[in-house]
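**Student:** Please read through the structure below; I'll follow up with questions.
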Amino acid sequence: MKSPLRTLATLALLILTLPACTLGPDYHRPVMETPLGFKAEGSWQESAPRDEQSRGLWWAVFNDPALNELEQKASTANLEVQAAVARFDQARALLGVSRAEFLPRVDLNASGQRSKISLSQFGIDSSGPSSFITNYYNIPLDLSYEIDLWGRVRRSVEAASADADGSLAALEAIRLTLQGEVARSYFALRTVDAQSALLQRNIDLRRQSLNLVTSLFDNGQIGELDVARARAELAATEAEQAGLQESRSKLENALAVLAGQNPSTFNLAVAPLDVRAPAVAPGLPASLLERRPDVAAAERSMAAANARIGVAKTAFFPAIRLTGNAGFSSSETADLLNWDNRTWGLGPSLSLPIFSGGRNRANLQRSKAVYEEAVANYRQQVLVAFRDVEDALSALTALKKQEEAQQRSLQAALRASDLSDKRYRAGLVSYLEVVDSQRTALQSERLVTDILGRQLQTTVTLIKSLGGGWEEAAL
(Lines of atoms letter the chains of each structure in order from A and count residues from 1; the text may use other names and numbers.)
(Lines give C-alpha, C1' and ligand atoms only; values in the text may rest on other atoms or scores of the structure.)
Protein backbone atom coordinates (compact mmCIF):
# COMPACT_ATOMS: atom_id res chain seq x y z
CA MET A 1 0.00 0.00 0.00
CA LYS A 2 1.38 3.37 -1.00
CA SER A 3 2.04 5.97 1.67
CA PRO A 4 -0.18 9.06 1.72
CA LEU A 5 2.78 11.31 0.99
CA ARG A 6 3.68 9.32 -2.14
CA THR A 7 0.06 9.38 -3.28
CA LEU A 8 -0.16 13.11 -2.67
CA ALA A 9 3.07 13.74 -4.59
CA THR A 10 1.86 11.64 -7.53
CA LEU A 11 -1.47 13.44 -7.66
CA ALA A 12 0.20 16.84 -7.41
CA LEU A 13 2.52 15.93 -10.28
CA LEU A 14 -0.44 14.92 -12.43
CA ILE A 15 -2.18 18.20 -11.64
CA LEU A 16 0.88 20.23 -12.58
CA THR A 17 1.06 18.50 -15.96
CA LEU A 18 -2.53 19.48 -16.78
CA PRO A 19 -2.68 22.19 -19.44
CA ALA A 20 -3.87 25.45 -17.86
CA CYS A 21 -5.39 28.41 -19.65
CA THR A 22 -6.74 31.82 -18.70
CA LEU A 23 -10.19 32.50 -20.06
CA GLY A 24 -11.37 35.95 -21.03
CA PRO A 25 -9.80 38.76 -23.06
CA ASP A 26 -6.34 40.01 -22.17
CA TYR A 27 -6.41 43.69 -21.26
CA HIS A 28 -5.34 46.30 -23.79
CA ARG A 29 -5.85 49.96 -23.03
CA PRO A 30 -8.04 51.67 -25.64
CA VAL A 31 -6.11 54.04 -27.86
CA MET A 32 -6.93 57.68 -27.12
CA GLU A 33 -5.61 60.18 -29.63
CA THR A 34 -4.76 63.43 -27.89
CA PRO A 35 -3.23 66.62 -29.35
CA LEU A 36 0.39 67.37 -28.64
CA GLY A 37 -0.55 70.99 -28.01
CA PHE A 38 -3.80 72.55 -26.91
CA LYS A 39 -5.89 73.94 -29.78
CA ALA A 40 -3.24 72.66 -32.24
CA GLU A 41 -4.21 70.73 -35.36
CA GLY A 42 -2.60 67.84 -37.18
CA SER A 43 -0.33 66.43 -34.45
CA TRP A 44 -1.58 63.50 -32.38
CA GLN A 45 -0.16 61.01 -29.93
CA GLU A 46 -1.37 58.00 -27.99
CA SER A 47 -2.30 58.82 -24.40
CA ALA A 48 -1.52 56.53 -21.46
CA PRO A 49 -1.93 57.36 -17.75
CA ARG A 50 1.28 58.00 -15.82
CA ASP A 51 -0.25 58.56 -12.43
CA GLU A 52 2.79 57.12 -10.67
CA GLN A 53 4.66 60.37 -11.38
CA SER A 54 4.96 62.54 -8.29
CA ARG A 55 2.80 65.64 -8.19
CA GLY A 56 4.98 67.26 -5.54
CA LEU A 57 4.26 70.35 -3.49
CA TRP A 58 2.94 72.33 -6.45
CA TRP A 59 1.50 75.12 -4.28
CA ALA A 60 5.04 76.14 -3.30
CA VAL A 61 5.33 78.07 -6.61
CA PHE A 62 3.21 80.82 -5.01
CA ASN A 63 5.85 81.38 -2.27
CA ASP A 64 3.24 81.93 0.44
CA PRO A 65 4.19 80.47 3.86
CA ALA A 66 0.61 80.63 5.17
CA LEU A 67 -0.67 78.68 2.16
CA ASN A 68 2.12 76.12 2.55
CA GLU A 69 1.16 75.56 6.19
CA LEU A 70 -2.53 75.16 5.33
CA GLU A 71 -1.76 72.64 2.60
CA GLN A 72 0.40 70.57 4.93
CA LYS A 73 -2.33 70.51 7.60
CA ALA A 74 -5.00 69.56 5.09
CA SER A 75 -2.95 66.73 3.60
CA THR A 76 -2.82 64.95 6.96
CA ALA A 77 -5.87 66.12 8.93
CA ASN A 78 -8.61 66.33 6.29
CA LEU A 79 -11.29 63.74 7.06
CA GLU A 80 -12.20 63.06 3.42
CA VAL A 81 -8.58 62.14 2.74
CA GLN A 82 -8.55 59.88 5.78
CA ALA A 83 -11.70 58.16 4.51
CA ALA A 84 -10.08 57.70 1.08
CA VAL A 85 -6.98 56.21 2.73
CA ALA A 86 -9.25 53.74 4.54
CA ARG A 87 -10.91 52.81 1.23
CA PHE A 88 -7.49 52.17 -0.30
CA ASP A 89 -6.57 49.97 2.67
CA GLN A 90 -9.78 48.01 2.07
CA ALA A 91 -8.94 47.51 -1.60
CA ARG A 92 -5.41 46.40 -0.74
CA ALA A 93 -6.78 43.93 1.82
CA LEU A 94 -9.20 42.51 -0.76
CA LEU A 95 -6.25 42.01 -3.09
CA GLY A 96 -4.63 39.94 -0.35
CA VAL A 97 -7.82 37.89 -0.05
CA SER A 98 -7.79 37.20 -3.80
CA ARG A 99 -4.11 36.22 -3.80
CA ALA A 100 -4.74 33.79 -0.94
CA GLU A 101 -6.76 31.64 -3.36
CA PHE A 102 -3.51 30.66 -5.07
CA LEU A 103 -2.64 28.66 -1.94
CA PRO A 104 -4.34 25.64 -0.40
CA ARG A 105 -6.54 26.08 2.63
CA VAL A 106 -5.73 23.97 5.69
CA ASP A 107 -8.05 23.78 8.72
CA LEU A 108 -7.87 21.92 12.00
CA ASN A 109 -11.28 20.50 12.94
CA ALA A 110 -10.90 18.58 16.19
CA SER A 111 -14.00 16.82 17.51
CA GLY A 112 -15.05 14.44 20.22
CA GLN A 113 -18.29 12.49 20.68
CA ARG A 114 -19.78 10.09 23.24
CA SER A 115 -22.83 8.15 21.99
CA LYS A 116 -25.30 5.64 23.32
CA ILE A 117 -26.46 3.15 20.69
CA SER A 118 -29.52 0.92 21.04
CA LEU A 119 -29.19 -2.63 19.70
CA SER A 120 -32.85 -2.74 18.78
CA GLN A 121 -32.31 -0.25 15.95
CA PHE A 122 -30.26 -2.95 14.26
CA GLY A 123 -32.96 -5.61 14.85
CA ILE A 124 -30.93 -7.40 17.51
CA ASP A 125 -32.69 -9.01 20.44
CA SER A 126 -30.38 -9.54 23.35
CA SER A 127 -30.90 -11.05 26.74
CA GLY A 128 -28.03 -8.89 27.92
CA PRO A 129 -27.62 -5.11 27.75
CA SER A 130 -29.94 -3.50 25.20
CA SER A 131 -27.48 -0.70 24.37
CA PHE A 132 -23.86 0.24 24.54
CA ILE A 133 -21.85 3.46 24.79
CA THR A 134 -19.11 4.46 22.32
CA ASN A 135 -16.51 7.21 22.30
CA TYR A 136 -15.02 8.80 19.21
CA TYR A 137 -12.23 11.39 19.10
CA ASN A 138 -10.83 12.90 15.91
CA ILE A 139 -8.05 15.44 15.18
CA PRO A 140 -7.83 15.89 11.41
CA LEU A 141 -6.13 18.51 9.25
CA ASP A 142 -8.47 19.26 6.34
CA LEU A 143 -6.97 20.51 3.08
CA SER A 144 -8.80 22.14 0.19
CA TYR A 145 -7.24 23.52 -2.98
CA GLU A 146 -8.83 24.80 -6.17
CA ILE A 147 -6.93 23.89 -9.31
CA ASP A 148 -6.96 27.11 -11.32
CA LEU A 149 -7.36 25.29 -14.62
CA TRP A 150 -9.35 28.04 -16.37
CA GLY A 151 -7.78 31.10 -14.76
CA ARG A 152 -10.61 32.09 -12.43
CA VAL A 153 -8.22 32.85 -9.60
CA ARG A 154 -5.74 34.58 -11.90
CA ARG A 155 -8.44 36.83 -13.34
CA SER A 156 -9.81 37.54 -9.85
CA VAL A 157 -6.38 38.63 -8.67
CA GLU A 158 -5.97 40.71 -11.83
CA ALA A 159 -9.27 42.48 -11.12
CA ALA A 160 -8.47 43.01 -7.43
CA SER A 161 -5.05 44.41 -8.32
CA ALA A 162 -6.64 46.88 -10.75
CA ASP A 163 -9.18 47.82 -8.07
CA ALA A 164 -6.38 48.52 -5.59
CA ASP A 165 -4.52 50.65 -8.13
CA GLY A 166 -7.75 52.47 -8.94
CA SER A 167 -8.41 53.10 -5.27
CA LEU A 168 -4.94 54.59 -4.91
CA ALA A 169 -5.56 56.82 -7.93
CA ALA A 170 -8.91 57.88 -6.45
CA LEU A 171 -7.10 58.73 -3.21
CA GLU A 172 -4.66 60.90 -5.15
CA ALA A 173 -7.57 62.56 -6.97
CA ILE A 174 -9.19 63.46 -3.65
CA ARG A 175 -5.89 64.81 -2.35
CA LEU A 176 -5.40 66.90 -5.48
CA THR A 177 -8.97 68.22 -5.31
CA LEU A 178 -8.45 69.08 -1.64
CA GLN A 179 -5.18 70.88 -2.38
CA GLY A 180 -6.89 72.88 -5.12
CA GLU A 181 -9.83 73.80 -2.88
CA VAL A 182 -7.48 74.93 -0.12
CA ALA A 183 -5.49 77.13 -2.51
CA ARG A 184 -8.58 78.60 -4.20
CA SER A 185 -10.29 79.34 -0.87
CA TYR A 186 -7.08 80.83 0.49
CA PHE A 187 -6.66 83.21 -2.45
CA ALA A 188 -10.36 84.10 -2.29
CA LEU A 189 -9.86 85.04 1.37
CA ARG A 190 -6.75 87.09 0.57
CA THR A 191 -8.73 88.86 -2.17
CA VAL A 192 -11.34 89.77 0.43
CA ASP A 193 -8.55 91.02 2.71
CA ALA A 194 -7.21 93.23 -0.08
CA GLN A 195 -10.66 94.60 -0.90
CA SER A 196 -11.32 95.19 2.77
CA ALA A 197 -8.09 97.19 3.00
CA LEU A 198 -9.24 99.29 0.02
CA LEU A 199 -12.60 99.91 1.64
CA GLN A 200 -10.98 100.85 4.93
CA ARG A 201 -8.79 103.36 3.13
CA ASN A 202 -11.86 104.79 1.42
CA ILE A 203 -13.71 104.92 4.74
CA ASP A 204 -10.86 107.03 6.13
CA LEU A 205 -10.98 109.28 3.05
CA ARG A 206 -14.75 109.67 3.29
CA ARG A 207 -14.46 110.60 6.95
CA GLN A 208 -11.96 113.26 5.97
CA SER A 209 -14.33 114.42 3.25
CA LEU A 210 -17.22 114.52 5.73
CA ASN A 211 -15.11 116.62 8.10
CA LEU A 212 -14.23 118.93 5.22
CA VAL A 213 -17.79 119.48 3.98
CA THR A 214 -19.05 119.84 7.55
CA SER A 215 -16.49 122.59 8.12
CA LEU A 216 -17.50 124.30 4.88
CA PHE A 217 -21.17 124.00 5.83
CA ASP A 218 -20.51 125.47 9.27
CA ASN A 219 -18.79 128.42 7.59
CA GLY A 220 -21.76 128.91 5.28
CA GLN A 221 -19.79 128.11 2.13
CA ILE A 222 -21.96 125.15 1.03
CA GLY A 223 -25.44 123.83 1.61
CA GLU A 224 -26.51 120.91 3.79
CA LEU A 225 -26.98 118.68 0.72
CA ASP A 226 -23.23 118.09 0.39
CA VAL A 227 -23.03 117.09 4.06
CA ALA A 228 -25.87 114.61 3.63
CA ARG A 229 -24.20 113.10 0.56
CA ALA A 230 -20.89 112.74 2.41
CA ARG A 231 -22.60 111.00 5.30
CA ALA A 232 -24.50 108.69 2.95
CA GLU A 233 -21.32 107.68 1.09
CA LEU A 234 -19.51 106.99 4.38
CA ALA A 235 -22.35 104.83 5.69
CA ALA A 236 -22.62 102.92 2.40
CA THR A 237 -18.89 102.17 2.40
CA GLU A 238 -19.05 100.99 6.02
CA ALA A 239 -21.94 98.68 5.10
CA GLU A 240 -19.85 97.18 2.27
CA GLN A 241 -17.04 96.62 4.74
CA ALA A 242 -19.36 94.68 7.04
CA GLY A 243 -20.46 92.52 4.09
CA LEU A 244 -16.84 91.72 3.27
CA GLN A 245 -16.21 90.66 6.86
CA GLU A 246 -19.10 88.20 6.57
CA SER A 247 -17.59 86.77 3.38
CA ARG A 248 -14.21 86.48 5.07
CA SER A 249 -15.67 84.58 8.02
CA LYS A 250 -17.29 82.05 5.68
CA LEU A 251 -14.05 81.54 3.74
CA GLU A 252 -12.08 81.17 6.98
CA ASN A 253 -14.55 78.56 8.24
CA ALA A 254 -14.34 76.70 4.92
CA LEU A 255 -10.53 76.62 5.17
CA ALA A 256 -10.80 75.30 8.73
CA VAL A 257 -12.92 72.34 7.59
CA LEU A 258 -10.61 71.65 4.64
CA ALA A 259 -7.64 71.63 7.01
CA GLY A 260 -9.43 69.30 9.42
CA GLN A 261 -9.66 72.00 12.10
CA ASN A 262 -12.56 73.17 14.25
CA PRO A 263 -13.90 76.47 12.81
CA SER A 264 -14.54 77.74 16.35
CA THR A 265 -10.82 77.70 17.16
CA PHE A 266 -9.36 78.37 13.71
CA ASN A 267 -8.07 81.85 12.86
CA LEU A 268 -6.15 83.14 9.88
CA ALA A 269 -4.53 86.54 10.31
CA VAL A 270 -5.31 89.30 7.81
CA ALA A 271 -2.58 89.68 5.19
CA PRO A 272 -2.20 91.63 1.94
CA LEU A 273 -2.61 90.00 -1.46
CA ASP A 274 0.99 90.42 -2.56
CA VAL A 275 1.24 87.15 -4.52
CA ARG A 276 1.39 87.13 -8.30
CA ALA A 277 0.19 84.21 -10.39
CA PRO A 278 3.12 82.28 -11.94
CA ALA A 279 3.51 82.71 -15.68
CA VAL A 280 2.01 79.94 -17.80
CA ALA A 281 3.61 79.03 -21.12
CA PRO A 282 0.98 78.92 -23.91
CA GLY A 283 2.10 75.61 -25.46
CA LEU A 284 1.69 73.23 -22.53
CA PRO A 285 2.44 69.62 -23.51
CA ALA A 286 -0.65 67.43 -23.63
CA SER A 287 1.31 64.65 -21.95
CA LEU A 288 0.79 66.44 -18.63
CA LEU A 289 -2.83 65.31 -18.80
CA GLU A 290 -1.56 61.78 -18.27
CA ARG A 291 -0.73 62.77 -14.71
CA ARG A 292 -4.39 63.27 -13.78
CA PRO A 293 -5.33 60.73 -11.10
CA ASP A 294 -9.01 60.73 -12.08
CA VAL A 295 -8.04 59.56 -15.58
CA ALA A 296 -5.84 56.87 -14.03
CA ALA A 297 -8.70 55.75 -11.75
CA ALA A 298 -11.03 55.45 -14.76
CA GLU A 299 -8.41 53.42 -16.64
CA ARG A 300 -7.90 51.02 -13.72
CA SER A 301 -11.66 50.57 -13.40
CA MET A 302 -11.66 49.57 -17.06
CA ALA A 303 -8.88 47.02 -16.46
CA ALA A 304 -10.75 45.50 -13.51
CA ALA A 305 -13.95 45.18 -15.53
CA ASN A 306 -12.03 43.46 -18.33
CA ALA A 307 -10.59 40.89 -15.91
CA ARG A 308 -14.05 40.12 -14.51
CA ILE A 309 -15.20 39.06 -17.97
CA GLY A 310 -12.72 36.20 -17.64
CA VAL A 311 -14.04 35.35 -14.18
CA ALA A 312 -17.57 35.18 -15.58
CA LYS A 313 -16.45 32.89 -18.41
CA THR A 314 -14.96 30.33 -16.03
CA ALA A 315 -18.46 29.65 -14.65
CA PHE A 316 -19.21 27.68 -17.85
CA PHE A 317 -16.41 25.19 -17.17
CA PRO A 318 -15.93 22.51 -14.51
CA ALA A 319 -14.35 23.50 -11.22
CA ILE A 320 -11.80 21.00 -9.92
CA ARG A 321 -10.82 20.92 -6.27
CA LEU A 322 -8.31 18.76 -4.47
CA THR A 323 -9.44 17.81 -0.98
CA GLY A 324 -7.69 15.79 1.65
CA ASN A 325 -7.33 15.18 5.33
CA ALA A 326 -4.82 13.63 7.68
CA GLY A 327 -4.91 13.17 11.42
CA PHE A 328 -5.70 10.81 14.26
CA SER A 329 -8.87 9.16 15.48
CA SER A 330 -9.51 6.88 18.43
CA SER A 331 -12.14 5.82 20.92
CA GLU A 332 -9.82 6.70 23.79
CA THR A 333 -8.11 10.02 24.42
CA ALA A 334 -5.12 8.29 25.99
CA ASP A 335 -3.96 6.74 22.72
CA LEU A 336 -5.43 9.35 20.35
CA LEU A 337 -2.00 10.43 19.11
CA ASN A 338 -0.74 6.89 18.70
CA TRP A 339 0.83 6.44 15.24
CA ASP A 340 -1.32 3.39 14.60
CA ASN A 341 -4.43 5.57 14.95
CA ARG A 342 -3.49 7.89 12.10
CA THR A 343 -6.02 8.48 9.32
CA TRP A 344 -5.87 10.14 5.94
CA GLY A 345 -7.90 10.71 2.81
CA LEU A 346 -7.15 12.36 -0.52
CA GLY A 347 -9.05 12.89 -3.72
CA PRO A 348 -10.30 15.36 -6.30
CA SER A 349 -13.81 16.72 -6.70
CA LEU A 350 -15.38 18.08 -9.84
CA SER A 351 -18.31 20.46 -10.20
CA LEU A 352 -19.76 20.87 -13.69
CA PRO A 353 -22.60 23.32 -14.38
CA ILE A 354 -25.43 21.54 -16.20
CA PHE A 355 -28.38 23.90 -15.90
CA SER A 356 -28.52 27.31 -14.23
CA GLY A 357 -31.51 28.88 -15.94
CA GLY A 358 -29.30 31.21 -18.00
CA ARG A 359 -27.68 32.68 -14.89
CA ASN A 360 -24.11 32.21 -16.09
CA ARG A 361 -24.81 33.63 -19.54
CA ALA A 362 -26.59 36.65 -18.06
CA ASN A 363 -23.69 37.22 -15.67
CA LEU A 364 -21.25 37.13 -18.59
CA GLN A 365 -23.35 39.61 -20.55
CA ARG A 366 -23.45 41.88 -17.53
CA SER A 367 -19.66 41.70 -17.14
CA LYS A 368 -19.20 42.70 -20.78
CA ALA A 369 -21.65 45.59 -20.37
CA VAL A 370 -19.81 46.79 -17.25
CA TYR A 371 -16.59 46.80 -19.26
CA GLU A 372 -18.18 48.82 -22.08
CA GLU A 373 -19.45 51.29 -19.50
CA ALA A 374 -15.95 51.59 -18.03
CA VAL A 375 -14.49 52.23 -21.50
CA ALA A 376 -17.02 55.00 -22.13
CA ASN A 377 -16.31 56.52 -18.71
CA TYR A 378 -12.57 56.47 -19.40
CA ARG A 379 -12.95 58.19 -22.76
CA GLN A 380 -15.29 60.74 -21.22
CA GLN A 381 -12.82 61.44 -18.41
CA VAL A 382 -10.07 62.15 -20.93
CA LEU A 383 -12.33 64.59 -22.80
CA VAL A 384 -13.30 66.28 -19.53
CA ALA A 385 -9.60 66.60 -18.66
CA PHE A 386 -8.91 68.42 -21.93
CA ARG A 387 -11.95 70.64 -21.44
CA ASP A 388 -10.77 71.60 -17.94
CA VAL A 389 -7.35 72.63 -19.22
CA GLU A 390 -8.73 74.51 -22.22
CA ASP A 391 -11.19 76.38 -19.98
CA ALA A 392 -8.43 77.38 -17.57
CA LEU A 393 -6.07 78.48 -20.34
CA SER A 394 -8.71 80.58 -22.09
CA ALA A 395 -9.74 82.11 -18.75
CA LEU A 396 -6.14 83.09 -17.97
CA THR A 397 -5.77 84.67 -21.41
CA ALA A 398 -8.97 86.67 -20.93
CA LEU A 399 -7.99 87.71 -17.40
CA LYS A 400 -4.63 88.97 -18.64
CA LYS A 401 -6.38 91.24 -21.14
CA GLN A 402 -8.85 92.37 -18.49
CA GLU A 403 -6.01 93.20 -16.13
CA GLU A 404 -4.24 95.36 -18.70
CA ALA A 405 -7.43 97.22 -19.60
CA GLN A 406 -8.50 97.63 -15.98
CA GLN A 407 -5.10 99.03 -15.01
CA ARG A 408 -5.54 101.71 -17.66
CA SER A 409 -9.04 102.38 -16.37
CA LEU A 410 -7.75 102.64 -12.80
CA GLN A 411 -5.09 105.19 -13.70
CA ALA A 412 -7.66 107.33 -15.50
CA ALA A 413 -10.14 107.03 -12.61
CA LEU A 414 -7.52 108.04 -10.03
CA ARG A 415 -6.58 111.04 -12.16
CA ALA A 416 -10.24 112.04 -12.51
CA SER A 417 -10.80 111.70 -8.76
CA ASP A 418 -7.80 113.91 -8.01
CA LEU A 419 -8.94 116.58 -10.47
CA SER A 420 -12.53 116.60 -9.21
CA ASP A 421 -11.33 116.99 -5.62
CA LYS A 422 -9.16 119.98 -6.58
CA ARG A 423 -11.99 121.53 -8.61
CA TYR A 424 -14.39 121.08 -5.69
CA ARG A 425 -11.99 122.75 -3.28
CA ALA A 426 -11.75 125.61 -5.76
CA GLY A 427 -15.55 125.87 -5.84
CA LEU A 428 -15.80 124.95 -9.52
CA VAL A 429 -17.92 121.78 -9.22
CA SER A 430 -20.48 120.31 -6.86
CA TYR A 431 -19.71 117.65 -4.28
CA LEU A 432 -21.75 115.19 -6.36
CA GLU A 433 -18.97 115.17 -8.97
CA VAL A 434 -16.42 114.43 -6.26
CA VAL A 435 -18.50 111.55 -4.92
CA ASP A 436 -19.00 110.14 -8.40
CA SER A 437 -15.29 110.25 -9.30
CA GLN A 438 -14.28 108.72 -5.96
CA ARG A 439 -16.82 105.94 -6.40
CA THR A 440 -15.48 105.22 -9.90
CA ALA A 441 -11.88 105.09 -8.63
CA LEU A 442 -12.82 102.76 -5.78
CA GLN A 443 -14.69 100.46 -8.16
CA SER A 444 -11.69 100.36 -10.51
CA GLU A 445 -9.33 99.48 -7.65
CA ARG A 446 -11.64 96.72 -6.47
CA LEU A 447 -11.89 95.32 -10.00
CA VAL A 448 -8.09 95.22 -10.30
CA THR A 449 -7.88 93.35 -6.98
CA ASP A 450 -10.67 91.00 -8.04
CA ILE A 451 -8.90 90.21 -11.32
CA LEU A 452 -5.65 89.42 -9.46
CA GLY A 453 -7.53 87.06 -7.14
CA ARG A 454 -9.26 85.37 -10.09
CA GLN A 455 -5.90 84.96 -11.85
CA LEU A 456 -4.51 83.17 -8.81
CA GLN A 457 -7.56 80.95 -8.44
CA THR A 458 -7.63 80.13 -12.17
CA THR A 459 -3.92 79.27 -12.09
CA VAL A 460 -4.70 76.83 -9.27
CA THR A 461 -7.50 75.37 -11.40
CA LEU A 462 -5.09 74.94 -14.33
CA ILE A 463 -2.49 73.22 -12.16
CA LYS A 464 -5.16 70.88 -10.79
CA SER A 465 -6.44 70.20 -14.32
CA LEU A 466 -2.93 69.15 -15.31
CA GLY A 467 -2.72 66.77 -12.36
CA GLY A 468 -0.55 68.96 -10.11
CA GLY A 469 3.22 68.79 -9.99
CA TRP A 470 3.51 72.24 -11.51
CA GLU A 471 7.04 73.57 -11.91
CA GLU A 472 7.15 77.01 -13.47
CA ALA A 473 10.81 76.76 -14.45
CA ALA A 474 10.16 73.55 -16.40
CA LEU A 475 7.68 75.34 -18.61
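When the letters of the sequence shown are read in order and numbered with mature numbering (1 follows the signal peptide of the UniProt record, and there is no 0), they come out as residues -22 to -1, 1 to 453. Every residue gets a Cβ at the ideal spot worked out from N, C-alpha and C, and that includes glycine.
#1: Here's the rule I'm using: 16 or more other beta-carbon atoms within 10 Å means buried, otherwise exposed. How should Glu423 be labelled?
#2: Pull up the distance between the alpha-carbon of Asn338 and that of Thr292, whole angstroms please.
#3: In this structure, how does DSSP classify Val235 when only helix, strand and coil are distinguished?
#4: Are Leu136 and Ala285 touching if we call contact CB-CB under 8 Å?
#5: How close, in whole Å, do the beta carbons of Val289 and Arg130 come, if the pair is a contact with beta carbons under 8 Å?
#6: Mind checking whether Gly305 and Thr321 have CB atoms under 8 Å apart?
#7: Going along the chain, which residues of its own chain have a beta-carbon closer than 7 Å to the beta-carbon of Asn231, five neighbours each way excluded?
#8: Should Lys442 be labelled buried (16 or more other beta-carbon atoms within 10 Å of its own) or exposed?
#9: DSSP three-state call for Ile441: helix, strand or coil?
#10: Looking at the secondary structure, which residues open and close the alpha helix (DSSP H) in which Ile287 lies?
#11: Work out the CA separation of Glu381 and Ala217 for me, nearest whole Å.
#12: For the alpha helix (DSSP H) containing Ser139, list its first residue and its last residue.
#13: Is the closest heavy atom of the ligand FMN to the C-beta of Val412 under 7 Å?
#14: Spatial neighbours of Ala370 within its chain, please: C-beta separation below 7 Å, excluding the five flanking residues on both sides.
#15: What residues are listed by DSSP as bridge partners for Ser309?
#16: Output the boundary residues of the beta strand (DSSP E) element that contains Thr321.
#17: Is the beta carbon of Arg226 less than 8 Å from the beta carbon of Val170?
#18: Assuming Gln384 and Leu425 form a contact by the criterion Cβ under 8 Å, report the distance between their Cβ atoms to the nearest whole angstrom.
#19: With three or more C-beta pairs closer than 8 Å as the rule, is the stretch 63 to 80 touching the stretch 168 to 187?
#20: On the DSSP bridge assignment, give the partners of Ala248 in chain order.
#21: So, using beta-carbon positions, are Gly74 and Ala282 closer together than 8 Å?
#22: Tell me the DSSP secondary structure of Arg254 in three-state form.
#23: How many whole angstroms separate the CB atoms of Gly431 and Phe40, which I take to be in contact at a CB cut-off of 8 Å?
#24: Closer than 7 Å by C-beta to Thr215: which residues in its own chain qualify, once you throw out the five before and the five after it? Chain order, please.
#25: Can you tell me the Cα-Cα spacing of Arg152 and Glu368, whole angstroms?
#26: For my contact list, Val160 and Leu236 are in at a C-beta cut-off of 8 Å; report their separation, rounded to the angstrom.
#27: Any idea which residues DSSP pairs residue 459 with across the strands?
#28: Three or more beta-carbon pairs under 8 Å between the stretch 116 to 124 and the stretch 75 to 90, yes or no?
#29: Would you mind stating whether Ala142 and Arg70 have Cβ atoms separated by less than 8 Å?
**Tutor:** Let's see:
#1: Position 445 of the sequence shown holds residue 423. By the neighbour-count rule (16 or more Cβ atoms within 10 Å), Glu423 is buried.
#2: Counted from its first residue, the sequence shown places residue 338 at position 360. Counted from its first residue, the sequence shown places residue 292 at position 314. Cα-Cα distance, rounded: 9 Å.
#3: One-based indexing of the sequence shown puts residue 235 at position 257. Helix.
#4: Start at 1 with the first residue of the sequence shown, and residue 136 comes out as number 158. Start at 1 with the first residue of the sequence shown, and residue 285 comes out as number 307. In the sequence as presented, Leu is not what sits at residue 136; that position holds Glu. Going by C-beta atoms, Glu136 is nearer than 8 Å to Ala285.
#5: As a first step, residue 289 must be located in the sequence shown, where it is residue number 311. As a first step, residue 130 must be located in the sequence shown, where it is residue number 152. Going by Cβ atoms, the distance from Val289 to Arg130 rounds to 6 Å, so yes, they are a contact pair.
#6: Numbered from 1 along the sequence shown, position 327 holds the residue referred to as residue 305. Numbered from 1 along the sequence shown, position 343 holds the residue referred to as residue 321. Cβ atoms of Gly305 and Thr321: closer than 8 Å.
#7: Taking the first residue of the sequence shown as 1, we reach residue 231 at position 253. Around Asn231: Pro241.
#8: Reading the sequence shown from its first residue, position 464 is the one you call residue 442. Lys442 is buried by the Cβ-count criterion.
#9: As a working note, residue 441 is residue 463 in the sequence shown. Here Ile441 sits in helix by DSSP.
#10: Position 309 of the sequence shown, counting from 1, holds the residue named residue 287. Start and end: Pro271 to Lys291.
#11: Here the question's residue 217 lines up with position 239 in the sequence shown. Here the question's residue 381 lines up with position 403 in the sequence shown. When rounded, the distance between both Cα atoms is 27 Å.
#12: Position 161 of the sequence shown, counting from 1, holds the residue named residue 139. Residue range Arg130 to Asp196 is occupied by the alpha helix (DSSP H) that includes Ser139.
#13: Only the bare structure without any ligand can be found here, which leaves the ligand FMN out of the picture.
#14: For the purposes of this step, residue 370 is taken as residue 392 along the sequence shown, with counting starting at 1. Thr436, Thr439, Leu440 and Ser443.
#15: Numbered from its first residue, the sequence shown carries residue 309 at position 331. DSSP, once it has assigned bridges, lists no residue as partnering Ser309.
#16: Start at 1 with the first residue of the sequence shown, and residue 321 comes out as number 343. From DSSP, the beta strand (DSSP E) with Thr321 extends over Arg320 to Ser329.
#17: As a first step, residue 226 is located in the sequence shown; it is residue number 248 there, counting from the start. As a first step, residue 170 is located in the sequence shown; it is residue number 192 there, counting from the start. Yes, these two residues count as a Cβ contact at 8 Å.
#18: Here residue 384 refers to the residue found at position 406 of the sequence shown. Here residue 425 refers to the residue found at position 447 of the sequence shown. With a beta-carbon spacing of about 5 Å, Gln384 and Leu425 fall inside the 8 Å limit used to define contacts.
#19: Between the stretch 168 to 187 and the stretch 63 to 80, the count of Cβ pairs shorter than 8 Å is below three; the stretches do not touch.
#20: Translated into the one-based positions of the sequence shown, residue 248 becomes position 270. Before going on, a small fix: residue 248 reads as Val here, not Ala. According to DSSP, Val248 shares a beta bridge with no other residue.
#21: As a first step, residue 74 must be located in the sequence shown, where it is residue number 96. As a first step, residue 282 must be located in the sequence shown, where it is residue number 304. No. Outside cutoff.
#22: The sequence position of residue 254 within the sequence shown is 276, counting from 1. Taken through DSSP and simplified to helix, strand or coil, Arg254 comes out as coil.
#23: As a position in the sequence shown, residue 431 is number 453, starting the count at 1. As a position in the sequence shown, residue 40 is number 62, starting the count at 1. For Gly431 against Phe40, the beta-carbon gap comes to about 13 Å, at or over 8 Å, which does not count as contact.
#24: By one-based count along the sequence shown, residue 215 stands at place 237. Result list for Thr215: Leu177, Asn180, Ile181 and Arg184, in chain order.
#25: On the sequence shown, residue 152 is found 174 positions in, with the first residue counted as 1. On the sequence shown, residue 368 is found 390 positions in, with the first residue counted as 1. For the sequence presented, residue 152 should be read as Ile rather than Arg. Taking the Cα positions, Ile152 is about 22 Å away from Glu368.
#26: As a working mapping, residue 160 is identified with position 182 in the sequence shown. As a working mapping, residue 236 is identified with position 258 in the sequence shown. Taking 8 Å as the upper bound for CB-CB distance, Val160 and Leu236 are in contact here, some 5 Å apart.
#27: Any answer about residue 459 is impossible in this case: the structure gives the chain only from -22 up to 453.
#28: Three or more Cβ pairs drawn from the stretch 116 to 124 and the stretch 75 to 90 lie within less than 8 Å of each other, which places the two stretches in contact.
#29: The residue labelled residue 142 in the question sits at position 164 within the sequence shown. The residue labelled residue 70 in the question sits at position 92 within the sequence shown. A contact, by the Cβ cut-off of 8 Å.
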